[in-house]
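Under UniProt numbering, think of the first position of the sequence shown as 1, with each following residue one higher.
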Amino acid sequence: PKTVHDFLEVVQSLERLRLLLVLTVADIRAVGPRVWNGWKGQLMSDLYDEAAAELSAGRTRFDRGERVDLAKSALRTALANWSDEDKEAYVRRGYPSYWLSFDTETHVRHANFIRDADGSEQAFSMNVRVDPSRSVTEVTVYCPAHHGLFTGIAGAMAVSGVNIVDARVCSTTDGMALDVFSIQDSAGNAVERPGHLKKLRTTIEETLTKDFKPAHALAKQTSLPSRTKVLTIAPRVLIDNNASATYTVVEVNARDKVGLLYEITRTLVSLRLSIGAARITTYGVRAVDIFYVKDMFGMKVTDDIHIERIQSTVINVLTQLDKEAIVGETTASAA
């Protein structure tokens with residue numbers, strides 16, 4: 001992946017890689033006792049393992065096409081109870097980016113989930129899996145692809161009181177969407193309580209099938225915990241066309257609040273952008289959200305005017321949200 005290659009150009013040696021890992025972990029842990037968790041540990045581990053393997057090999061082990069073929073071959077082998085015809089029909093539905101986004105174990109889960117969903121003929125299907133080792137709950141949604149799907153699910157999750165820490169948006173060659181979200185509760189742990197999971201499932205279903213509007217529900221929720229009231233974080237939007245070979249990367253820094261991700265994604269969609277993936281991180285009360293986007297033609301955003309419009313529009317939305325939050329907090333304190 002380009003991220004690893006760019007990273008290795010800076011690191012250059014295994015010894016520096018090891019030292020950087022120790023320094024990064026110590027730096028994140030120093031922010032506060034609840035900032036570090038299994039999810040951040042997994043991200044660090046994934047980057048370290050991939051970079052160490054590349055440094056040890058001394059070259060790129062496989063090009064993109066070879067890695068896609070290896071992923072498909074591994075899935076064919078793992079689906080021992082599928083017919084060869086069914087395997088090939090399923091494999092043809094995935095774009096190259098899908099095969100490079102998940103490991104074989106996840107590909108197998110997705111294949112069985114999608115086959116069951118296709119047989120059910122329901123409007124949408126959802127699978128929930130708790131992953132204690134990463135301190136996340138993985139929510140997979142499968143339904144017909146449509147503009148704004150990611151935003152709707154993000155809003156439903158905000159209403160349900162969960163935080164999205166990672167999101168991967170995939171589509172099939174026959175027009176279906178497979179969106180995979182890794183979520184945590186407000187304490188940074190996997191969402192496990194049956195009542196909480198039931199509310200999450202119901203809210204997502206109502207958003208996708210019954211025209212439930214997350215924005216209305218979010219407007220009634222408290223904007224921020226009391227510990228953030230005195231802090232001001234100026235919103236910042238950075239746009240990078242070099243960090244990914246196929247996407248424009250939009251990094252948003254802002255003051256964390258309930259529904260922040262929903263508001264950002266809703267704004268990006270209104271700017272006629274499609275979101276391919278998202279990484280969401282919080283450092284104390286600062287949120288750093290990274291989105292991989294394309295324009296309406298499936299290309300990177302390279303036009304300077306369009307880039308400036310994205311930056312100014314997102315910053316204006318975030319600034320307005322901060323003003324509304326401050327007013328709400330002041331009113332609540334006075335009461």
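Where is the CB? At the ideal position from N, CA and C, for every residue including glycine.
Rounded separation between residue i and residue j - CA only
| i | j | result |
| --- | --- | --- |
| VAL314 | LYS213 | 21 Å |
| ARG255 | THR302 | 28 Å |
| THR246 | ILE264 | 21 Å |
| ALA89 | ASP116 | 15 Å |
| SER13 | PHE102 | 27 Å |
| VAL35 | SER83 | 46 Å |
| HIS146 | ALA177 | 8 Å |
| ARG93 | LEU23 | 42 Å |
| MET126 | ASP6 | 36 Å |
| VAL191 | VAL162 | 8 Å |
| ARG309 | MET296 | 15 Å |
| GLY188 | MET157 | 15 Å |
| ALA123 | ILE153 | 15 Å |
| LEU19 | ILE164 | 30 Å |
| THR319 | GLU105 | 42 Å |
| GLU66 | ARG109 | 22 Å |
| ILE114 | HIS107 | 10 Å |
| residue 420 | LYS87 | Within the shown structure, residues of the chain are numbered from 1 to 335, placing residue 420 beyond reach of any answer. |
| VAL25 | PRO194 | 32 Å |
| GLY148 | LEU273 | 10 Å |
| ARG201 | ILE28 | 32 Å |
| LEU271 | GLU15 | 44 Å |
| GLU121 | GLU85 | 21 Å |
| GLN42 | PRO132 | 11 Å |
| ALA30 | LYS40 | 14 Å |
| ASP211 | LEU218 | 15 Å |
| GLU54 | ALA243 | 18 Å |
| ASN81 | GLY119 | 17 Å |
Cut-off 6 Å between Cβ atoms - residues of its own chain near residue i, not counting five sequence neighbours on either side
| i | result |
| --- | --- |
| ILE290 | GLU251 and ARG279 |
| THR228 | Its pLDDT being 48, under 50, THR228 is placed unreliably by the model, and the measurement read from it follows with that caveat. Hits under 6 Å: VAL285. |
| ALA167 | PHE181 and ALA278 |
| ALA332 | Confidence is the limiting factor: at ALA332 the pLDDT is only 49, short of 50, which leaves the residue's position unreliable and the question unanswerable from this model. |
| GLY175 | ALA145 |
| SER171 | ALA145 and ALA177 |
| GLY276 | VAL169, TYR247 and TYR292 |
| ASN253 | ARG236 and VAL288 |
Cut-off 8 Å between Cβ atoms - residues of its own chain near residue i, not counting five sequence neighbours on either side
| i | result |
| --- | --- |
| VAL91 | LYS72, LEU75 and ARG76 |
| VAL230 | Since pLDDT at VAL230 reaches only 49, below the 50 mark, its modelled position is unreliable, and the value read off the structure follows with that caveat. Cβ within range, chain order: n/a, list empty. |
| ALA51 | VAL4, PHE7, LEU8, VAL11 and LEU17 |
For residue j and residue i, believed in contact at Cβ under 8 Å, the rounded distance
| i | j | result |
| --- | --- | --- |
| LYS294 | THR232 | Not confirmed; about 33 Å, so no contact. |
| VAL317 | THR267 | 5 Å |
| ILE183 | VAL141 | ILE183 to VAL141, Cβ: 12 Å. No contact. |
| LEU208 | CYS143 | 6 Å |
| LEU79 | MET44 | Not a contact, Cβ separation roughly 32 Å. |
| residue 336 | THR173 | The displayed coordinates of the chain run from 1 to 335. Any statement about residue 336 would go beyond what the structure contains. |
Chain-order list of residues whose beta-carbon lies under 7 Å from that of residue i (same chain, five-residue window excluded)
| i | result |
| --- | --- |
| ILE307 | ILE239 and VAL301 |
| GLN311 | VAL237 and ILE239 |
| TRP99 | VAL68, ALA71 and LYS72 |
| THR111 | Reading off the sequence, residue 111 comes out as Ala, not Thr. Contacts found: LEU75, LEU79 and TYR90. |
| LYS199 | SER160 |
| ASP46 | none |
Residue span of the alpha helix (DSSP H) that contains residue i, given as start and end
| i | result |
| --- | --- |
| PRO96 | 96 to 99 |
| ALA158 | 149 to 159 |
| THR281 | Not the alpha helix (DSSP H): THR281 falls in the beta strand (DSSP E), residues 274 to 283. |
| residue 342 | Lying outside 1 to 335, the shown extent of the chain, residue 342 is not represented and no answer is given. |
| ASP27 | 14 to 31 |
| PRO144 | First-last for PRO144: 136 to 144, but that is the beta strand (DSSP E), not the alpha helix (DSSP H). |
| GLU66 | 64 to 78 |
| ARG109 | 104 to 120 |
| LEU261 | 260 to 270 |
| VAL91 | 84 to 91 |
Chain C contact for residue i (CB, 7 Å cutoff)
| i | result |
| --- | --- |
| THR151 | Considering every chain present, this structure includes no chain C. It has just one protein chain. |
Unbroken beta strand (DSSP E) run spanning residue i, endpoints
| i | result |
| --- | --- |
| SER182 | 176 to 184 |
| HIS233 | Looking at the sequence shown, residue 233 is not His but Ile. That residue, ILE233, is in no beta strand (DSSP E); it is neither H nor E in DSSP. |
| PHE291 | 286 to 294 |
| ASP166 | 163 to 171 |
| THR302 | Here THR302 belongs to no beta strand (DSSP E), and DSSP marks it neither H nor E. |
| SER125 | 125 to 131 |
| ASN253 | 248 to 255 |
Beta-carbon proximity of residue i to residue j, cut-off 7 Å
| i | j | result |
| --- | --- | --- |
| SER160 | ASN37 | no |
| VAL139 | VAL128 | yes |
| VAL269 | THR151 | yes |
| TYR262 | GLY155 | yes |
| VAL169 | ASP185 | no |
| ALA287 | LEU260 | yes |
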